[in-house]
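These notes are about the structure you will find just below.
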Amino acid sequence: MSNIMTVEDRMRSRLTSFLSVALLATAAFLVPASPAAAAPSFRTPFPCHQTWSGETRTTHSPQYAIDFNRADDHGDPVKASAPGTVDVVANLGDTSYGRYVRINHGGGYTTYYAHLSGFNVSVGQSVGYATTIGYVGNSGGSSGSHLHYEQRLNGSDIMVRFSGNLALYFGTQNYTRTAGC
49 MSNIMTVEDR
59 MRSRLTSFLS
69 VALLATAAFL
79 VPASPAAAAP
89 SFRTPFPCHQ
99 TWSGETRTTH
109 SPQYAIDFNR
119 ADDHGDPVKA
129 SAPGTVDVVA
139 NLGDTSYGRY
149 VRINHGGGYT
159 TYYAHLSGFN
169 VSVGQSVGYA
179 TTIGYVGNSG
189 GSSGSHLHYE
199 QRLNGSDIMV
209 RFSGNLALYF
219 GTQNYTRTAG
229 C
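For the sequence shown, my numbering assigns the number 49 to the initial residue and increments by one for each residue that follows.
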């Protein structure tokens, strides 16, 4: 048996090497290095069995935020919509969000709770679904008591989902917290 490669053997070897490299390059392009983080299972940001009216509109800033209202809601508790860590508790005065809380849920997901009348959490605090983070108010650029709520991914607002279900865009719908009650 000879150790000499024929021209055909060399061509086959080169073709095999080329195809192997091409296959690896294609696989690296198509398969992400790590899986994307799953979205938290968000729940509505108020106590169990309460029904709130949620309004979305194309002129809202940011567009995918929801304004929650119900009769005599000033001072009502606001609940964390998913477990996480409080990373902002701020008061912007009479502008923008006014008093607001931001919760980091990991994987790039955050939630904002704005126009609060008061806070019940501090930066660095771990929260769960049942945690009262603040109270409905009329702070900042608000024209009446309500909860301004947002879900964000990597800093950009996203369409809100509760228990995996997309909120109504654009209009008004009633939401009742029943999950995990």
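All C-beta atoms, glycine included, are put in the ideal place defined by N, C-alpha and C. Note that the coordinates shown come from a computational prediction; the quantities given were computed from them, not determined experimentally.
Distance, residue j Cα to residue i Cα
{"i": "G156", "j": "S129", "result": "15 Å"}
{"i": "D120", "j": "N213", "result": "27 Å"}
{"i": "Q221", "j": "V208", "result": "13 Å"}
{"i": "A178", "j": "H153", "result": "15 Å"}
{"i": "A75", "j": "T226", "result": "Confidence in A75 is poor, its pLDDT being 42 and thus under 50, which makes the residue's placement unreliable; the coordinate value appears in the next sentence. Going from the Cα of A75 to the Cα of T226 covers about 43 Å."}
{"i": "S191", "j": "R200", "result": "24 Å"}
{"i": "S187", "j": "F218", "result": "24 Å"}
{"i": "S230", "j": "H97", "result": "This structure gives no information on residue 230, because the portion of the chain shown stretches from 49 to 229."}
For residue i: DSSP bridge partner residues
{"i": "Q199", "result": "T159 and I206"}
{"i": "G242", "result": "In the structure displayed, the chain extends from 49 to 229; residue 242 sits before or after that span and is not available."}
{"i": "R225", "result": "Answer by DSSP bridge pairing: none, since R225 is not bridged."}
{"i": "L216", "result": "Answer by DSSP bridge pairing: none, since L216 is not bridged."}
{"i": "Y148", "result": "A138 and A162"}
{"i": "H153", "result": "Answer is none; H153 lacks a bridge partner."}
Within 7 Å, strictly: CB atoms of residue i and residue j
{"i": "Y197", "j": "P93", "result": "yes"}
{"i": "F90", "j": "W100", "result": "no"}
{"i": "H163", "j": "G182", "result": "no"}
{"i": "V184", "j": "S170", "result": "no"}
{"i": "I114", "j": "G102", "result": "yes"}
Terminal residues of the beta strand (DSSP E) in which residue i lies
{"i": "F116", "result": "I114 to N117"}
{"i": "A138", "result": "G132 to N139"}
{"i": "T99", "result": "T99 to T104"}
Can you find at least 3 beta carbon pairs, one from the segment 170-182 and one from the segment 196-216, that sit closer than 8 Å?
-> no
Three-pair Cβ contact test at 8 Å for the segment 134-142 versus the segment 104-116 | no
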